Amino acid sequence: MHIATEPSFTFYPEQLRIQLQQQTHEHLSGYWQIQSSASPKGSQVLYLAFSRGRLVFAGEQPLSGAGLVGQLLRFIPRLRSPELVASWEAFQQALDQGKPLSVVLSRLVLMERLLGYQELSFAIRQQFFLLFDAYSATSGKAIFVPDNRVSTERPIVGFALSELAQEIEQRQGQWKLLRSVIPSVHDAIAAQPEMIQALLVSEAQKQQILALTRQPRSIDKIAAELGEDTLKIAQLFAPLITQGVVTLQRTQSVFSGAVQPLPPPAPSPFPLPTKPPLQAKLTPQSQAEAIAEIPVTSTQVTSTQGKTDVFVVDDSPMMLKQFQAIVGAWGYSVRCCDQALKAVHAMLESTPAVIFLDINMPEMSGFQLIREIRLQPQLANIPIIILTAEKSFSNQQRARWSKCEFLSKPLETQDVQSFQAELFKILEKVESLAIAS
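The sequence shown begins at 106 in our numbering and counts up by one.
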């Protein structure tokens, strides 16, 4: 009798990524629990949460609302504002009431525009690199523990390990160059004021460097305070250490305790590159300007690659850009078509999971296009969502007769939030049906 065993392996320095890629298949849902030999008595474990083979969370505890909030605050300093305390309390209260994490995130956070999906993905991705840098530099062991709750609670669509492989390798190479100067990011940095004053930088920069280093603090804590990547901060301090402008004081090992609560962010003395959030509190004008930067070709557009393919047909280039910006930011793969006569051919090439289409188009009405779609066996059972600004009784009835759902386009700025909420709900439903089948 064959007894199935869960995947497990041992690894040596810089082998963890390769082993994970080899052992993680597309149907795997649960946690890779990774223990480093450098962790005293196995006191710390890295939990990598996977949903159908895609990384959706990384932490030293399993996926939870509190852990996710900690990562958001770590990498998005503006979320630490006292004005947002009530929002985070409401977030935690909803979780305490038993509401699923994915639902609370989509409705309370994403729909209220507290942060955008890209920011959420960015924070989770950065936390993964932060932890993976430390664990992959050592040897250890890993075991996979199945947990289907990860798929229902996942905060993002997730990343394939192949998408992260190149950056993992680059970071490993960069850390190798830094190790001779900075053996550990937990070592405290102490200022040499007279050396700082001799630097050929502005007086304001000198004062900011002094402010960061006046009290001995480790590089990882400085990075956390600034909301920056620890690797970038290490790279910025390395030449200062080499020149004797600041010195290192050996304090503790890489694996030494939990992250402490973060203080309010301090201004960075360095010109650190930051990406503006795509969805965070944009005005209608600035949102329109941001969307206008997205290129749209005559027949189709391919957006961020995700697990679910979405196809949209509309003769309005602006509507296509807006739709792609919203849905693509949620992690779905989007194909757009602005010519109804070419739409069916393009659909047959991609076989999408769901189709959105406009009713009023010059070459062919939406209902005529639905008829053409239903005549194709390959497309006949794909869900179709009718998009229109005309929420008339007759249009709604015709949608029902065509066995399609109906979604009203937002006519006013105040309608955008409800439109996005309904759109998100439809896509979640479609994805659930795809998983079940």
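For glycine and all other residues, C-beta sits at the position ideal for the given N, C-alpha and C. Every value quoted in this text rests on a predicted model; they were computed, and no experiment measured them.
Check: residue i C-beta below 8 Å from any heavy atom of the ligand ATP
i	result
L331	Ligands displayed in this structure: none; no statement on the ligand ATP is therefore possible.
Contact under 9 Å by Cβ, residue i with residue j
i	j	result
D419	L462	yes
A262	Y437	Rather than Ala, the amino acid found at residue 262 in this sequence is Val. In this structure, Y437 lies closer than 9 Å to V262 by Cβ.
Q481	V449	yes
F529	I460	no
S141	Y240	yes
N253	S134	yes
A445	M469	yes
I338	H291	no
L219	V209	no
I139	L121	yes
A295	L341	no
E536	S211	no
E165	L206	no
G245	F162	no
R284	F234	no
I490	L512	yes
F264	W137	no
G349	Q429	no
L317	I327	yes
Q79	A171	Nothing in the structure corresponds to residue 79, since the chain is present only between 106 and 542.
R440	P457	yes
T243	P118	yes
M424	K514	yes
Spatial distance of residue i from residue j (CA atoms)
i	j	result
L492	S455	21 Å
S289	E224	28 Å
Q279	A293	20 Å
G57	E272	This structure gives no information on residue 57, because the portion of the chain shown stretches from 106 to 542.
I123	P251	20 Å
L345	V286	10 Å
Q149	D334	21 Å
E330	L178	10 Å
R319	F180	23 Å
L453	M466	20 Å
N486	I478	9 Å
Q365	G175	For Q365, the predicted model reports a pLDDT of 34, less than 50, meaning its position is unreliable; a value from the coordinates is still stated below. Looking at the two C-alpha atoms, the distance is approximately 10 Å.
G158	D414	17 Å
L236	S156	19 Å
G526	P488	First, the amino acid is wrong: residue 526 is Ala here, not Gly. Near 18 Å, if we compare the C-alpha coordinates of P488 and A526.
F227	K426	22 Å
S144	L125	20 Å
M300	R322	18 Å
Q231	Y222	14 Å
G538	E188	It is Leu, not Gly, that sits at residue 538 in the sequence shown. Cα-Cα distance, rounded: 39 Å.
I464	W435	25 Å
D238	E131	24 Å
V521	W193	23 Å
L377	L282	Confidence in L377 is poor, its pLDDT being 30 and thus under 50, which makes the residue's placement unreliable; the coordinate value appears in the next sentence. Spanning the two alpha carbons is a distance of roughly 20 Å.
Extent of the continuous alpha helix (DSSP H) run through residue i
i	result
L160	Run containing L160: none in the alpha helix (DSSP H); it sits in the beta strand (DSSP E), R159 to G164.
V255	R254 to E258
A575	The requested residue 575 does not occur in the structure, where the chain is confined to residues 106 to 542.
A296	From DSSP, A296 is part of no alpha helix (DSSP H) but of the beta strand (DSSP E) over A293 to A296.
L317	E308 to T318
S207	L206 to V209
DSSP-derived helix/strand/coil call for residue i
i	result
V418	strand
A83	Only positions 106 to 542 of the chain appear in the structure, and residue 83 is not among them; the question remains open.
V91	With the chain covering 106 to 542 only, the question about residue 91 has no answer from this structure.
Y152	strand
W280	helix
T129	coil
I324	helix
L219	coil
E194	helix
P389	Residue placement at P389 is flagged as unreliable, the pLDDT there being 37, under the threshold of 50; the coordinate-derived value follows with that caveat. If DSSP states are grouped into helix, strand and coil, P389 belongs with the helices.
E330	helix
E272	helix
P374	Note that P374 scores 35 on pLDDT, short of 50, meaning its location in the model is unreliable; the coordinates nonetheless yield the value given after this. It is coil, neither helix nor strand.
T110	coil
L512	strand
Q410	Note that Q410 has pLDDT 48, beneath the 50 cutoff, so the model's placement of it is unreliable and the number below is only indicative. If DSSP states are grouped into helix, strand and coil, Q410 belongs with coil.
Q525	helix
Residue i, enclosing beta strand (DSSP E) - first and last residue
i	result
P251	G245 to P251
I139	G135 to S141
Q354	V351 to Q354
Which parts of the stretch 437 to 496 are runs of the alpha helix (DSSP H), unbroken and 4 residues or longer, counting only runs that do not cross its ends?
-> 445 to 455 and 471 to 479
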